[in-house]
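Novice: As given, the protein sequences belong to chains A and B, one line each in that order.
Counting from 1, one number per residue, gives the positions in the first sequence under the working numbering.
Counting from 1, one number per residue, gives the positions in the second sequence under the working numbering.
From the three backbone atoms N, C-alpha and C, an ideal C-beta is built for every residue, glycine too.
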Amino acid sequence: MTVLKLEEISIYFGGLKAVSSFNLQLEEGELMGLIGPNGAGKTTIFNMITGVYAPSKGDIYLRQKDSLKKIAGLKPYQITRLGMARTFQNIRLFKDLSVLDNVRIAHHFNIQYNALQSIFRTPGFYKEEAEAMEKALELLKLFNIDQKCDELAKNLPYGEQRKLEIARALATNPRLLLLDEPAAGMNPQETIDLMQLIQFIREKFNLTILLIEHDMNLVMGICERIVVLDYGQVIAEGNPEAIKHNPRVIKAYLGEEVEAGA
Amino acid sequence: MSDYMKKKVRIAGFLFLSFNIIVGLIYWGIIDEYTAQILTFAGINVIIALSLNLISGFTGQLALGHAGFMAIGAYSTAALVMQLQVPNLPAILVGGVVTAIFGFVIGFPTLRLKGDYLAIVTLGFGEIIRVLMINAEKITGGAAGLKGIPSFTKNISLNPVLSFIWVFLFMAGTIILISNLIRSSHGRAIISIREDEIASNAMGVNVFYYKMFSFTLSAFIAGIGGGLYALFFGYLNPTMFNFLKSCDFLVIVVLGGMGSIVGTVATGFILTYLQEFLRFLQDYRLVIYPLILIIIMLFKPTGLIGLVEDIKKWRRRTFPDQKGHLKAGERS
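Structure, rendered in structure tokens:
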């Protein structure tokens, strides 16, 4: 069953064609990697999927129960509410808020009580707050940062900030998770831990995952299918083994071989 | 009852008791009329500064025209009381609603934009309102001012104590309203906008809705502050509501600590008193206020409350068995 479908999407910034006629189909439960050299347009594609940019051309569909819903043109918060969550390339936590609050904010759109009920502190308010707290702690426990729930997000070590960002994304109850360079700035051991974590949450929450990554060990290690992007266009697609030996991919990453004597 | 609840009840009891004591002291003339007036005026300043803190401190949107909102509230309340003989309480509340409508209308186009557009627009708005007030002579009395607004009571000897009670009940209401709102999921959504708008949006928070909500509520509260001001002073003049007045509130909020309710309340009282105390400086006050702003921004951007937190942290380090927790949403 297709969870996400991008149809011929293009985006222009002024005269610059950042992504052109990009197609992608993500099946339920799949773990797909999107790779490419710097400036290839990976993050731009993420931003179009999540609603930060509206594509200049083409359509994006997200699975809603039995049908595919067109999401191009919706605002990011609307798309999140439809069951898609993301993390950011350069961590975007609510730095001056506690770890717990970071997760509770992501749960906010599920809260039923209104502002008046919170001002008058009705029983409904306390009940929902307690539930939200419990859910947040449960999630943090999964990532082993529940003892640090009172600490400010900015005071966590780097690896835990990455974890918290993933936990926060999961608090929105997504079916599709988009990870933008989750291993950036991590050492090899941390990257291995992260790979295990991604596998774990994928099974635990029945997630479909699309990730952008530069770390080839991670991409080759866990992705089932990889799409390679260069200058806004797909240059290769397939399983890790095929991608590794694809001449166009090698060319994009390493440049062309120079003929002797030329 | 949990320790937390016990502490809350203790604090509430203490505040209630001290409120009654002050009321008594004013009633029996032990606190003289002049001091009572400063206290009451400080209460009004606190109400408006809190409303500014809601939009600028908690939501992170700089607004520079709260004197304009205050003016709208003040003149609408005065008009309702004087021309339509509306009783005080509904007049003040309707004044707040009128101001909220203005807030909504200004916020709607501006808050869609990212960046400091709100600051520019509210700055212009404050000035426009002032000029309009000078020219709308029928309602406002023009540049000569509006005289003879009936005060809270006709009994002159009871006036200081009743003004104090009115203003402090509204102040207490404002404090409860804002702190309860901030310590809820809605409040966390509002604070997340200040922290990172893009992330907040990506986490399913309707950023525009909450900016509008916060700004409109801020205008409402500022309007109520204005209404109380009109009834308390009994005289209004458009020059009272110039840019410098907006600046006064901003100084209170920044000096107290952006996003701190306790800080705003404390600084509101300190600065209002200081203002009276520094009267001999006359117009040099206009130099001192901006200077205070610059110095805070350079040396202690978290304000008074940041200083208090620093002292607490230092104590925690020195006496590690004392445990202190940060309140949700407040900056350390």
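Are L293 of chain B and V251 of chain B touching if we call contact CB-CB under 9 Å?
Specialist: yes
Novice: Does the beta carbon of A262 of chain A come closer than 9 Å to any beta carbon on chain B?
Specialist: Caution applies to A262 of chain A, whose pLDDT of 44 falls short of 50 and renders its modelled position unreliable; the model cannot decide the point.
Novice: Check whether chain B comes within 9 Å of E245 of chain A, counting only Cβ atoms and requiring the distance to be less than that.
Specialist: Reading the sequence as shown, one finds His at residue 245 of chain A and not Glu. Answer no: the Cβ-Cβ gap between H245 of chain A and chain B never drops below 9 Å.
Novice: Using 9 Å as the limit for Cβ to Cβ distance, is L93 of chain B near chain A?
Specialist: no
Novice: Mapping DSSP to helix, strand and coil, what is F13 of chain A?
Specialist: strand
Novice: Could you check where the alpha helix (DSSP H) with K95 of chain A kicks off and where it finishes?
Specialist: Neither: K95 of chain A is in no alpha helix (DSSP H) and is coded neither H nor E.
Novice: Taking Y126 of chain A as the query, report the chain E residues whose CB atoms sit under 8 Å from its CB, ordered along the chain.
Specialist: Among the protein chains in the structure shown, which are A and B, there is no chain E.
Novice: For N53 of chain B, go through chain A and note every residue whose CB falls closer than 8 Å to its CB, in chain order.
Specialist: Chain A residues near N53 of chain B: none, gap ~16 Å exceeds 8 Å.
Novice: Tell me which same chain residues have a C-beta within less than 8 Å of the C-beta of M212 of chain B, skipping the five on either side of it?
Specialist: F104, G107, F108 and L111
Novice: Residues of chain B with CB closer than 8 Å to the CB of R86 of chain A, please, in chain order.
Specialist: A202
Novice: Name the DSSP bridge partner or partners of F22 of chain A?
Specialist: A:I9
Novice: Between R316 of chain B and chain A, is the shortest Cβ-Cβ distance under 9 Å, so that the two count as touching?
Specialist: Output row for R316 of chain B: interface = no.
Novice: In its own chain, which residues sit with a C-beta less than 6 Å from the C-beta of A230 of chain B, not counting the 5 before and 5 after it?
Specialist: Excluding sequence neighbours, A230 of chain B sits near A74, T77, A78, I149 and L236.
Novice: So, at 7 Å on beta carbons, what are the nonlocal neighbours of V19 of chain A in its own chain, with the 5 sequence-adjacent residues on each side left out?
Specialist: I9, S10, I11, G41, T44, I45 and G232
Novice: Measure the C-alpha to C-alpha separation of L15 of chain B and A91 of chain B and round it to an integer number of angstroms.
Specialist: Using only the alpha carbons, I get a separation of about 28 Å.
Novice: What's the gap between the Cα of R316 of chain B and the Cα of D150 of chain A?
Specialist: 15 Å
Novice: Using a threshold of 9 Å, state whether the C-beta atoms of L177 of chain A and L207 of chain A are closer than that.
Specialist: yes
Novice: Please report the distance separating the alpha-carbon of I165 of chain B from that of D248 of chain B.
Specialist: 24 Å
Novice: As an exercise, report each continuous alpha helix (DSSP H) stretch of at least 4 residues that is fully enclosed by the stretch 264 to 306 of chain B, in chain order.
Specialist: 285 to 299
Novice: Counting only beta-carbon separations shorter than 9 Å, does Y113 of chain A have a partner in chain B?
Specialist: yes
Novice: Could you spell out the range, first to last residue, of the alpha helix (DSSP H) harbouring L39 of chain B?
Specialist: E33 to L52
Novice: Which stretch, first to last residue, makes up the alpha helix (DSSP H) that contains T216 of chain B?
Specialist: Here the alpha helix (DSSP H) through T216 of chain B covers V207 to F233.
Novice: Helix, strand or coil for R315 of chain B? Go by DSSP, reduced to three states.
Specialist: helix
Novice: Using CA atoms only, rank isn't needed, just tell me which of A:Y61, A:K17, A:I105 and A:K148 is closest to R183 of chain B.
Specialist: A:I105
Novice: Along the beta strand (DSSP E) that carries Q233 of chain A, what are the first and last residues, could you check?
Specialist: Q233 to G238
Novice: Is it the case that the stretch 189 to 203 of chain B contacts the stretch 51 to 68 of chain B, given that we only count it when at least three CB pairs across the two stretches are under 8 Å?
Specialist: yes
Novice: With a floor of 4 residues, list each alpha helix (DSSP H) that falls wholly inside the stretch 126 to 214 of chain B, ordered by position along the chain.
Specialist: 137 to 140, 159 to 182, 185 to 195 and 197 to 202
Novice: Buried or exposed: where does I209 of chain A fall if 16 or more other Cβ atoms within 10 Å of its Cβ makes it buried?
Specialist: When all chains shown are included, I209 of chain A counts as buried.
Novice: Kindly indicate if chain B contains any beta-carbon less than 9 Å away from that of T44 of chain A.
Specialist: no
Novice: Along the chain, where does the alpha helix (DSSP H) containing S67 of chain A start, and where does it finish?
Specialist: Looking at the DSSP string, S67 of chain A is not in any alpha helix (DSSP H); the run it does join, the beta strand (DSSP E), is S67 to K70.
Novice: Note down, in chain order, all residues in the stretch 170 to 190 of chain A with a beta-carbon under 7 Å from any beta-carbon belonging to chain B.
Specialist: Of all residues in the stretch 170 to 190 of chain A, T172 have a Cβ within less than 7 Å of some Cβ in chain B.
Novice: For A136 of chain B, is the classification buried or exposed, using 16 other Cβ atoms within 10 angstroms of its Cβ as the cut-off for buried?
Specialist: Exposed, since its Cβ has fewer than 16 Cβ neighbours within 10 Å.
Novice: Indicate whether A71 of chain B and M240 of chain B have their beta-carbon atoms separated by less than 9 Å.
Specialist: Cβ atoms of A71 of chain B and M240 of chain B: closer than 9 Å.
Novice: Can you pull the chain A neighbours of D196 of chain B, defined as C-beta to C-beta under 8 Å?
Specialist: R92, L93, F94 and K95
Novice: Within a Cβ cutoff of 8 Å, which residues of the same chain sit near A328 of chain B, ignoring the five residues on either side of it in sequence?
Specialist: The pLDDT assigned to A328 of chain B is 47, lower than 50, so where the model puts this residue is not dependable; a value taken from the coordinates is nonetheless given after this. These residues qualify, in order along the chain: R183 and R188.
Novice: Is G58 of chain A helix, strand or coil by DSSP?
Specialist: In this structure, G58 of chain A counts as strand in the three-state DSSP scheme.
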